[in-house]
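Chains as they are written, first to last, in full-length UniProt numbering: chain A, 1 to 216; chain B, 1 to 216.
Note that beta-carbon positions come from the ideal geometry of N, C-alpha and C, so glycine has one too.
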DNA sequence: TATTATTTTTAGACTTGTCTAAAAAATTAC
DNA sequence: GTAATTTTTTAGACAAGTCTAAAAATAATA
């Protein structure tokens, strides 16, 4: 099996891979809040275990085996988040750190039973899709509010920023998953988005509009 | 906070302390399947953190702080075992290794919510008492079947041996928690105990009788 | 294209937790 | 009460994962 550190590197590489094909040492170091030299050491180790494709100075990508491990960790993370929110009544901004620990519990039998216990949920509390027990991951079909034109709208279905400050802000504004919104106006000066929601009108910054996702 | 290794040592010392007042280096080494020299190193570390009372060659005992940590780990272990059996339908001989990992999840808020979610259970699936959130642990009021005289009886309420071989054997014999048994005879040759249970008569060895606990 | 700047890797060191082998203390035996 | 045995500790080493500082490779620039 893989160590905790290895699992965290694989997860980070997986997430960065959705942005760029090949991931650089510095990107990984930044994502993991560590030094580039530490990353290099670990890359050699992961390469020896054939979990990544790596040649010096050329960046890395996950092998099929590495991706499988990464997706499994993400599956665990999201299922535990769902459990914490739906069964233990935590708020969506409180669960990240706990799930970060729980995702490393090794038993797959445990996570499959948990999945079943909760009725095979499709998305976690932040709207991220939950991979099934075969590693099948629903393709992301959400887009940011900032991509909408005036008079377009949709159902709030996810977030791109998972930080608790952001989630708490959304909660305070009532911008929670399931709410229907419509874009009334986009102020050209700074791209502030004016939204209609539940007979209320509210303004969100370009930044917020970029990180708040709706189903099309 | 404490490392995983530290937590496991504290737990081992706690368990050994129920047998003897002061715990020896070799006892700990045996319990943890490690070498005495490794234990000595860790004892100095735990002593520096004032989690144990330790003077060279004199054996160790937990300080109040150390006992608090140990009981908290045991609380977590037993609550997770209860969850795995009662909510995820695992069998009582399958849950130990998973609970061994889950007991190190740090959040106390999480474990308190889990406790509440399950209705504040008093005993884990093996009959061991679950400490409450203040570290209060019900005193053990169970005794082995081997301590009963002929014609005495009681309700099967716990086990002393948690190994899966033993638990599977009990399950196969129908000797599960909640069953009422009566001692019909004790064969003097080898102390085999003859039991009456549900209109059935069965024999168990002295060894088994020693590890199967009943409420008085 | 030669030079500068950036990125990545190497070299060497530190920490945690483990080990083996040897020394020191405590215990048991005669 | 000394000698033999057992237990415990020390000394020194190793693997994993991290770090700093310096070297090497790549990319950017003039």
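Residues of its chain near residue 152 (chain B), where Cβ-Cβ distance is below 7 angstroms and the 5 sequence neighbours each way are ignored: Excluding sequence neighbours, residue 152 (chain B) sits near 183.
Status (buried if at least 16 other CB within 10 Å, exposed otherwise) for residue 1 (chain B): Exposed, by the Cβ-count rule.
Under 8 angstroms between C-beta atoms of residue 61 (chain B) and residue 52 (chain B): For residue 61 (chain B) and residue 52 (chain B), yes; Cβs fall inside 8 angstroms.
Buried versus exposed, by CB contacts within 10 Å (16 or more), residue 116 (chain A): When all chains shown are included, residue 116 (chain A) counts as exposed.
Nearest-angstrom Cα separation, counted from residue 130 (chain B) out to residue 112 (chain B): Whole-angstrom Cα-Cα distance: 12 angstroms.
Proximity test, residue 97 (chain B) beta-carbon vs the ligand SAM heavy atom, cut-off 7 angstroms: As presented, the structure is devoid of all ligands, the ligand SAM included, so that no description of it is given.
Under 9 angstroms by beta carbon: chain B residues contacting residue 105 (chain A): Contact annotation for residue 105 (chain A) against chain B: 98, 101, 102 and 105 [CB-CB distance below 9 angstroms, chain order].
Closest Cα partner of residue 137 (chain A) within the set A:49, A:20, A:22 and A:68: Ranking A:49, A:20, A:22 and A:68 by Cα distance to residue 137 (chain A) puts A:68 first.
Residue 70 (chain B), buried or exposed, once every other Cβ within 10 Å from all chains shown has been counted against 16: Result: buried.
Residues near residue 16 (chain B) by beta carbon distance below 8 angstroms, same chain, minus five either side: Only 23, 27, 28 and 31 meet the Cβ criterion.
Extent of the continuous beta strand (DSSP E) to which residue 7 (chain B) belongs: Where residue 7 (chain B) is concerned, there is no enclosing beta strand (DSSP E), although the alpha helix (DSSP H) it sits in stretches over 4-17.
Closest Cα partner of residue 64 (chain B) within the set B:128, B:92, B:80 and B:13: Answer by Cα proximity: B:13.
Residue of A:212, A:178 and A:10 minimising C-alpha distance to residue 166 (chain A): If you compare the alpha carbons of A:212, A:178 and A:10 with that of residue 166 (chain A), the shortest gap goes to A:212.
Through-space distance from residue 158 (chain A) to residue 102 (chain A), alpha-carbon basis: If I take the Cα positions, the gap works out to 22 angstroms.
Any C-beta of chain B under 8 angstroms from that of residue 120 (chain A): Closer than 8 angstroms: no.
Where the beta strand (DSSP E) containing residue 53 (chain A) begins and where it ends: Residue range 52-54 is occupied by the beta strand (DSSP E) that includes residue 53 (chain A).
C-alpha gap between residue 173 (chain B) and residue 201 (chain B), whole angstroms: Between residue 173 (chain B) and residue 201 (chain B), the C-alpha separation is close to 11 angstroms.
Rounded separation between residue 124 (chain A) and residue 150 (chain B) - CA only: Between residue 124 (chain A) and residue 150 (chain B), the C-alpha separation is close to 58 angstroms.
Integer-rounded CB distance, given that residue 86 (chain B) should sit under 8 angstroms from residue 95 (chain B): In fact, because the Cβ distance is near 10 angstroms, the residues do not count as touching under 8 angstroms.
Spatial neighbours of residue 189 (chain A) in its chain, beta-carbon cut-off 8 angstroms, leaving aside the 5 residues before and after: Nothing listed; no residue qualifies.
9 angstroms Cβ cut-off: residues of chain A touching residue 72 (chain B): By Cβ distance, chain A contributes nothing, its closest Cβ being about 15 angstroms from residue 72 (chain B), past 9 angstroms.
Contacts of residue 89 (chain B) in chain A (Cβ-Cβ under 8 angstroms): Within chain A, the residues placing a beta-carbon under 8 angstroms from that of residue 89 (chain B) are 113, ordered along the chain.
8 angstroms Cβ cutoff, residue 167 (chain B) in contact with chain A: Not one chain A Cβ lies under 8 angstroms of residue 167 (chain B).
For residue 37 (chain B), the first and last residue of its enclosing beta strand (DSSP E): Looking at the DSSP string, residue 37 (chain B) is not in any beta strand (DSSP E); the run it does join, the alpha helix (DSSP H), is 36-48.
Extent of the continuous beta strand (DSSP E) to which residue 147 (chain A) belongs: Careful: residue 147 (chain A) lies outside any beta strand (DSSP E) and carries neither H nor E.
Through-space distance from residue 168 (chain B) to residue 92 (chain A), alpha-carbon basis: Residue 92 (chain A) and residue 168 (chain B) have their alpha carbons spaced roughly 41 angstroms apart.
Bounding residues of the beta strand (DSSP E) (the contiguous stretch that carries residue 194 (chain A)): Annotation: the continuous beta strand (DSSP E) that includes residue 194 (chain A) extends over 192-197.
Best match in B:197, B:132, B:187 and B:193 for proximity to residue 156 (chain B) [C-alpha to C-alpha]: Closest option to residue 156 (chain B), Cα to Cα, is B:197.
Neighbour flag for residue 79 (chain B) against chain A, beta carbons, 8 angstroms: Residue 79 (chain B) is outside the set of residues whose beta carbon lies under 8 angstroms from a beta carbon in chain A.
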